[in-house]
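Okay, so the sequence shown: first residue is 1 according to full-length UniProt numbering, each after it adds one.
We put the CB at the ideal spot given by N, CA and C, even for glycine.
Because the structure is a prediction, the values reported are computed rather than measured.
Below is one structure, written out as structure tokens, with a few remarks after it.
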Amino acid sequence: MINTVLDQASGLRKMSQNNNNGVKVIAVTGGKGGVGKTNVSLNTAIALGQQGNRVLVLDADLGLANCDVMLGLRVERNLSHVLSGECELDEILVEGPAGIKIVPATSGSQSMVELTPSEHAGLIRAFSELNTEFDILIVDTAAGISDMVLSFSRAAQDVMVVVCDEPTSITDAYALIKVLSREHGVYKFKIVANMVRSMREGQELFAKLSKVTDRFLDVSMELVATIPYDENMRKSTRKQKVIVDLFPNSPAAVAFKTLATKAVKWPIPNQPSGHLEFFIEKLVNG
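Okay, here's the thing in structure tokens:
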């Protein structure tokens, strides 16, 4: 099954991002479910698209995919069809708001949840064979610290951890950061304080997490966004829209646009990190 995908990774097609031949890859994760990770992924992606970037979103919750549902998109084929050899990655892309493209996964598929690490690697390599050109790939991971989450997070250039001001969210975010740093060589993390009541609350939330990581882990963390609690988020979700599209001037939408402006400036590495990455061929040949 996976051999077809692995074979697709043999070539290289040119992509461009500003003056760099690389593709910026950002994994959005969080440890705990329900912290708003997919909302952060989609709103950031669409804000980036509105700013003129060519954006691809991988719905990397392979068994409980919901990016297409949240955007009200109609999907005919998904990653399971790529894995079975029925089609190539380019053929399953669906277009969302602001011209972004989505790589849809499946929902309610146990077999997709149980993919082996080598099959995850095959999927990661398959992205190098895309014909469509992109500047930025956003990987919306599943919750938890499964092999799937760890594989996709490790394969990104930047890991953005979404955390809420709840003890379980902080604990699970710490657990994820611990595993990625100690077992997978990821030492830099960008933190998004989500659904907070004020900028100060976001900074205090970051301080709580930093206090624990500074004591027990050798990692570098940066607070890159404080997303305020916004009733318009719930209204947008009910309408299967994102807040940056439906309520562009609302507090949360403004925060997402600010995050997108920051993210586009994060540098793309000029060489591989030493382990499997999305679009690694671009770094090797760049």
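Anticipated Cβ contact below 8 Å, residue i with residue j, distance rounded
| i | j | result |
| --- | --- | --- |
| Asp158 | Trp266 | 6 Å |
| Ser41 | Ile138 | 5 Å |
| Val186 | Ser210 | In fact, because the Cβ distance is near 17 Å, the residues do not count as touching under 8 Å. |
| Ala143 | Gly30 | 7 Å |
| Leu62 | Ala121 | Not a contact, Cβ separation roughly 14 Å. |
| Pro117 | Ser151 | 6 Å |
Start and end residues, beta strand (DSSP E) containing residue i
| i | result |
| --- | --- |
| Pro248 | Careful: Pro248 lies outside any beta strand (DSSP E) and carries neither H nor E. |
| Ile145 | Per DSSP, Ile145 belongs to no beta strand (DSSP E) and is neither H nor E. |
| Asp158 | 158 to 163 |
| Asp59 | 55 to 60 |
| Thr226 | 220 to 228 |
Residue i to residue j span [Cα, whole Å]
| i | j | result |
| --- | --- | --- |
| residue 316 | Asp59 | A query on residue 316 cannot be resolved here, the shown segment of the chain reaching from 1 to 286 and no further. |
| Ala65 | Thr168 | 23 Å |
| Asn232 | Cys164 | 18 Å |
| Asp68 | Lys208 | 34 Å |
| Ile243 | Lys257 | 11 Å |
| Ile124 | Met199 | 36 Å |
| Met15 | Ala27 | Any reading at Met15 must be qualified, since the residue scores a pLDDT of 32, below 50, and its modelled position is unreliable; the value itself is stated next. One C-alpha to the other measures close to 19 Å. |
| Val75 | Asn270 | 35 Å |
| Tyr174 | Asn39 | 21 Å |
| Met221 | Phe189 | 5 Å |
| Ser146 | Val179 | 10 Å |
| Pro272 | Val57 | 22 Å |
| Val212 | His275 | 27 Å |
| Asp245 | Thr44 | 11 Å |
| Phe206 | Gly52 | 30 Å |
| Thr171 | Phe216 | 13 Å |
| Val113 | Met148 | 8 Å |
| residue 288 | Glu166 | Nothing about residue 288 can be read from this structure; the chain reaches only from 1 to 286. |
| Glu277 | Glu201 | 34 Å |
| Ser110 | Ser80 | Note on identity: in this sequence residue 110 is Gln, with Ser being the wrong assignment. The alpha-carbon atoms of Gln110 and Ser80 are separated by roughly 11 Å. |
| Glu129 | Glu204 | 43 Å |
| Leu223 | Leu259 | 11 Å |
Secondary structure of residue i, DSSP reduced to three states
| i | result |
| --- | --- |
| Arg200 | helix |
| Glu114 | coil |
| Ser107 | strand |
| Ile170 | helix |
| Val35 | coil |
| Asn66 | coil |
| Phe256 | helix |
| Asn194 | strand |
| Ile46 | helix |
| Glu277 | coil |
| Asp135 | coil |
| Glu129 | helix |
| Lys188 | strand |
| Val212 | helix |
| Val179 | helix |
| Ile268 | coil |
| Lys262 | helix |
| Ile102 | strand |
Beta-carbon proximity check, residue i vs residue j, cutoff 8 Å
| i | j | result |
| --- | --- | --- |
| Ile136 | Pro97 | no |
| Ile177 | Val161 | yes |
| Ile102 | Leu93 | yes |
| Met70 | Thr237 | yes |
| Ile227 | Val264 | no |
| residue 311 | Asn249 | The question about residue 311 has no answer here: the residues shown for the chain are numbered 1 through 286. |
| Phe127 | Phe247 | no |
| Glu91 | Arg77 | yes |
| Gly33 | Gln240 | no |
| Gly22 | Ile268 | yes |
| Ser181 | Asp218 | yes |
| Ala225 | Ala255 | yes |
| Phe134 | Val82 | no |
Bounding residues of the alpha helix (DSSP H) (the contiguous stretch that carries residue i)
| i | result |
| --- | --- |
| Val25 | Taken as a continuous stretch (DSSP letters only), Val25 belongs to no alpha helix (DSSP H), being part of the beta strand (DSSP E) at 24 to 29. |
| His81 | 79 to 83 |
| Glu88 | First-last for Glu88: undefined, no H or E at that position. |
| Asn232 | 231 to 238 |
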